[in-house]
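First up is the structure itself, then whatever we jot down about it.
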Amino acid sequence: LCSRHHFGGKSLHGRRIVVLRLLCGILLAACLVHPCFGQTQQTRIKELENAAGAALSQGKSELALDKYRQALCLQPRSTTLNLKVAELYLSTGQVLQAIEAYQTALKLDPVNEKTAIGLARAYRQIYNYDETRRLLQRASAQHPKSGAALVELGRLDIHLQYYDQAVGELREAVQRQPSLVAAYVNLGVAYQAKGDQQKALEQFNRAIQRDPRSASAHHFRGMLYADQDDNEHAYADAHQAYVLDPAITASRVLLAKVATRVGKCAEAIDLLKPLTESESKETTNLYLLVRAYQCSNQAELARQAQSEFEHRSQQEEKGRRLKMEADHLAERAGDLARQNQLSPALELLNQALSKDPENGPTHAVLAKIEFSEGDIPKAHSEIEVALRTSPWNPDYLYVLGRVFERQQDWQGALEAFQKTVLANPKESDAYYEMGQIYMQRGDRARAVQALEKAVKLSPDDPDYKKALAELTGAKSQ
Numbered sequence: 006l007c008s009r010h011h012f013g014g015k016s017l018h019g020r021r022i023v024v025l026r027l028l029c030g031i032l033l034a035a036c037l038v039h040p041c042f043g044q045t046q047q048t049r050i051k052e053l054e055n056a057a058g059a060a061l062s063q064g065k066s067e068l069a070l071d072k073y074r075q076a077l078c079l080q081p082r083s084t085t086l087n088l089k090v091a092e093l094y095l096s097t098g099q100v101l102q103a104i105e106a107y108q109t110a111l112k113l114d115p116v117n118e119k120t121a122i123g124l125a126r127a128y129r130q131i132y133n134y135d136e137t138r139r140l141l142q143r144a145s146a147q148h149p150k151s152g153a154a155l156v157e158l159g160r161l162d163i164h165l166q167y168y169d170q171a172v173g174e175l176r177e178a179v180q181r182q183p184s185l186v187a188a189y190v191n192l193g194v195a196y197q198a199k200g201d202q203q204k205a206l207e208q209f210n211r212a213i214q215r216d217p218r219s220a221s222a223h224h225f226r227g228m229l230y231a232d233q234d235d236n237e238h239a240y241a242d243a244h245q246a247y248v249l250d251p252a253i254t255a256s257r258v259l260l261a262k263v264a265t266r267v268g269k270c271a272e273a274i275d276l277l278k279p280l281t282e283s284e285s286k287e288t289t290n291l292y293l294l295v296r297a298y299q300c301s302n303q304a305e306l307a308r309q310a311q312s313e314f315e316h317r318s319q320q321e322e323k324g325r326r327l328k329m330e331a332d333h334l335a336e337r338a339g340d341l342a343r344q345n346q347l348s349p350a351l352e353l354l355n356q357a358l359s360k361d362p363e364n365g366p367t368h369a370v371l372a373k374i375e376f377s378e379g380d381i382p383k384a385h386s387e388i389e390v391a392l393r394t395s396p397w398n399p400d401y402l403y404v405l406g407r408v409f410e411r412q413q414d415w416q417g418a419l420e421a422f423q424k425t426v427l428a429n430p431k432e433s434d435a436y437y438e439m440g441q442i443y444m445q446r447g448d449r450a451r452a453v454q455a456l457e458k459a460v461k462l463s464p465d466d467p468d469y470k471k472a473l474a475e476l477t478g479a480k481s482q
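Take the sequence shown: its position 316, counted from the start at 1, is 321 in my numbering, and no numbers get skipped.
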């Protein structure tokens, strides 16, 4: 009975949903007249929230998410519950579900700064930097006394290497909110990226003066000291950062690196071994382990680690090179396919697959070619492979929706297009296709809403305007 994103399943439609809504209305009306309803409902919500909190304290994120979703079913217009669900979705890597939940929370409270920042972080995670920036700039304008959105903008621009812009945003964040430690930390990072180590150190010092327990401030100041070969101060900061937050892998690695420099070889080995034994081990950590073994005069272990480091480095470099070459071939093939030169396009795609068999862009172009040739099952297979490499890619999701349409799987198509516009709210084609599906289902209100959105995003598209005009009975302009 709850909306689709609360349980992750397919939503019901047609007559069944009408019947269910009628039943819900009758049950809700009956419950509301009962004098104990409000108290009982609030008690149950509190129980579920407490259970979710207990699950989180035990590291059981999925269980906590389930409890919060149950609470949300009882109180669907709770901004707080929607926000908690969104945050858990994001922390567990379910980004599109997180975006949907954040959007729901933002509709309930359009000026909620925390929600807007959370939604922006979700978009940044799927590389939609335009939407990230738009949300943060709006939040910053809505909250002129807060520096929180400006800090996120600064982080974004540091990531994009727009360091001067980041400095401006972060300096304004400090002026707005002098107590905001994150603003000083990130301003220091921006200055350090620009090569101004003195200004960077000043900002890290200010951050630590305001909050001596800021793990990130100690970490970045430790990095700065390490870059200056001031190993004594670097070790002190790295150690403090690790003590304050042992879960931050970067602080653990920094501490190991500096510990080797100051002769604390056994400590460095103890810090690095768990990282190099995990399945997701970083090659650079193997190199640091080699140095730590050499520091402790364990020559054979150093030799073994060096051999593994060289092997993994070569494999990673080869993988990066082949993927880059395959991406380039797929791009050229896409250009040829758009010119209807399918034979040379397919030849390039075969070359790409020989270099990188799971290359997402290659399988996406193949899916489009198979779709245009009418081989829908093969197109479906190819786009599924592409989506495994990039499950939030709006282009891939849109192609999946078109495939579902050809297979007359209207619900699958609708959900694919809904995911498309979650990943990229400016995808007008997806709104147009959603409008067509709603019309096919007889849901005129939603069809109009979707087509109006398509026209708003692409006002010069004649097909969009014609479809909307026909549906609303207006004359096409």
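The beta carbon of each residue, even a glycine, is placed where N, CA and C say it ideally should be.
Residue from 80, 64 and 69 whose Cα sits closest to the Cα of residue 46: In the sequence shown, counting from the first residue as 1, residue 46 sits at position 41. Among 80, 64 and 69, the Cα nearest to that of residue 46 belongs to 80.
Beta-carbon spacing of residue 373, residue 331 below 8 Å: By one-based count along the sequence shown, residue 373 stands at place 368. By one-based count along the sequence shown, residue 331 stands at place 326. Cβ atoms of residue 373 and residue 331: not closer than 8 Å.
Check whether the Cβ atoms of residue 252 and residue 227 sit closer than 8 Å, and answer yes or no. The count along the sequence shown starts at 1 and reaches residue 252 at position 247. The count along the sequence shown starts at 1 and reaches residue 227 at position 222. In this structure, residue 227 does not lie closer than 8 Å to residue 252 by Cβ.
Does DSSP classify residue 221 as helix, strand or coil? The residue given as residue 221 occupies position 216 in the sequence shown. Helix.
Contacting residues, own chain, Cβ-Cβ under 8 Å from residue 185 (five flanking each side not counted): In the sequence shown, the residue the question calls residue 185 occupies position 180. Contacts found: 152, 153, 156, 178 and 179.
So what does DSSP say about residue 132, is it helix, strand or coil? Position 127 of the sequence shown, counting from 1, holds the residue named residue 132. The answer is coil: DSSP assigns residue 132 none of H, G, I, E or B.
Which residue from 116, 138, 117 and 113 puts its Cα closest to that of residue 125? Counted from its first residue, the sequence shown places residue 125 at position 120. The shortest C-alpha separation from residue 125 is found at 138.
Which same chain residues, not among the five before or five after residue 397, have their C-beta less than 7 Å away from its C-beta? Within the sequence shown, residue 397 is the residue found at index 392, counting from 1. Excluding sequence neighbours, residue 397 sits near 100, 101, 131 and 428.
Exposed or buried, which one is residue 458 when buried takes at least 16 other CB atoms within 10 Å? Within the sequence shown, the letter at position 453 stands for residue 458. By the neighbour-count rule (16 or more Cβ atoms within 10 Å), residue 458 is buried.
Quick check: residue 365 and residue 395, are their CB atoms within less than 8 Å of each other? For the purposes of this step, residue 365 is taken as residue 360 along the sequence shown, with counting starting at 1. For the purposes of this step, residue 395 is taken as residue 390 along the sequence shown, with counting starting at 1. Going by C-beta atoms, residue 365 is nearer than 8 Å to residue 395.
When you compare only the Cα positions, how much space is there between residue 113 and residue 59? On the sequence shown, position 108 is the one that residue 113 refers to. On the sequence shown, position 54 is the one that residue 59 refers to. Between residue 113 and residue 59, the C-alpha separation is close to 27 Å.
Would you report the Cα separation of residue 476 and residue 462, rounded to the nearest angstrom? Taking the first residue of the sequence shown as position 1, residue 476 is located at position 471. Taking the first residue of the sequence shown as position 1, residue 462 is located at position 457. Answer to the nearest angstrom: the Cα atoms are 18 Å apart.
I'd like to know whether the C-beta atoms of residue 293 and residue 241 end up nearer to each other than 8 Å. What you label residue 293 is simply residue 288 of the sequence shown in a count that begins at 1. What you label residue 241 is simply residue 236 of the sequence shown in a count that begins at 1. No, they are not a contact pair.
Please work out which residues of its chain come closer than 6 Å, Cβ to Cβ, to residue 56, disregarding the five sequence neighbours upstream and downstream, and give them in chain order. Your numbering for residue 56 matches position 51 in the sequence shown. Excluding positions up to five away in sequence, the list reads 72.
Between 65, 105 and 323, which has its C-alpha nearest residue 97's C-alpha? The sequence position of residue 97 within the sequence shown is 92, counting from 1. Of 65, 105 and 323, the residue nearest in Cα terms is 65.
Whose C-beta lies closer than 8 Å to the C-beta of residue 210 among residues of the same chain, with five residues either side of it excluded? Within the sequence shown, residue 210 is the residue found at index 205, counting from 1. Cβ within range, chain order: 226.
Uninterrupted alpha helix (DSSP H) stretches inside the segment 234 to 307 (no shorter than 4 residues): 236 to 249, 254 to 266, 270 to 282 and 288 to 300
Taking DSSP as the reference, what is the three-state secondary structure of residue 145? Translated into the one-based positions of the sequence shown, residue 145 becomes position 140. Residue state, collapsed to three classes: helix.
With residue 87 as the anchor, note down where its alpha helix (DSSP H) starts and where it stops. Residue numbering aside, residue 87 sits at position 82 when the sequence shown is read from its first letter. Segment 84 to 96, the alpha helix (DSSP H) holding residue 87.
Hey, quick one: how far does the alpha helix (DSSP H) through residue 448 stretch, first residue to last? Here the question's residue 448 lines up with position 443 in the sequence shown. Note, residue 448: premise wrong, no alpha helix (DSSP H); not H, not E.
Residue 77 to residue 218, Cα distance in whole Å? Indexing the sequence shown from 1 puts residue 77 at position 72. Indexing the sequence shown from 1 puts residue 218 at position 213. Looking at the two C-alpha atoms, the distance is approximately 35 Å.
Cα-Cα, which of 223, 345 and 103 is closest to residue 91? Sequence index remark: in the sequence shown, residue 91 carries index 86 (1-based). Taking only the C-alpha atoms, the option nearest residue 91 is 103.
Would you kindly work out how many angstroms separate the C-alpha atoms of residue 70 and residue 63, rounded to a whole number? The residue labelled residue 70 in the question sits at position 65 within the sequence shown. The residue labelled residue 63 in the question sits at position 58 within the sequence shown. In a straight line, the C-alpha of residue 70 is about 13 Å away from that of residue 63.
Which residues in the same chain as residue 95 place their Cβ atom closer than 6 Å to its Cβ, once the five residues preceding and following it in sequence are excluded? As a position in the sequence shown, residue 95 is number 90, starting the count at 1. These residues qualify, in order along the chain: 103 and 127.
Residue 354 versus residue 325 - alpha carbon distance: Within the sequence shown, numbered from 1, the residue matching residue 354 stands at position 349. Within the sequence shown, numbered from 1, the residue matching residue 325 stands at position 320. Going from the Cα of residue 354 to the Cα of residue 325 covers about 18 Å.
Do the CB positions of residue 190 and residue 171 come within less than 8 Å of each other? Numbered from its first residue, the sequence shown carries residue 190 at position 185. Numbered from its first residue, the sequence shown carries residue 171 at position 166. The answer is no: Cβ separation not under 8 Å.
Residue 87 burial status per 10 Å Cβ neighbour count (16 or more: buried): As a first step, residue 87 must be located in the sequence shown, where it is residue number 82. The residue is buried, with at least 16 neighbouring Cβ atoms inside 10 Å.
8 Å Cβ cutoff met for residue 192 and residue 175: If you number the sequence shown from 1, residue 192 lands on position 187. If you number the sequence shown from 1, residue 175 lands on position 170. Yes. Within cutoff.
Can the beta-carbon of residue 249 be found less than 8 Å from the beta-carbon of residue 197? As a first step, residue 249 must be located in the sequence shown, where it is residue number 244. As a first step, residue 197 must be located in the sequence shown, where it is residue number 192. Result no, Cβ atoms of residue 249 and residue 197 do not sit closer than 8 Å.
Would you decide whether residue 368 is buried or exposed? Buried here means 16 or more other CB atoms lie within 10 Å of its CB. Your numbering for residue 368 matches position 363 in the sequence shown. Label assigned to residue 368: buried.
State the Cα-Cα distance for the pair residue 308 and residue 239, rounded to the nearest angstrom. Translated into the one-based positions of the sequence shown, residue 308 becomes position 303. Translated into the one-based positions of the sequence shown, residue 239 becomes position 234. Computed Cα separation, rounded: 28 Å.
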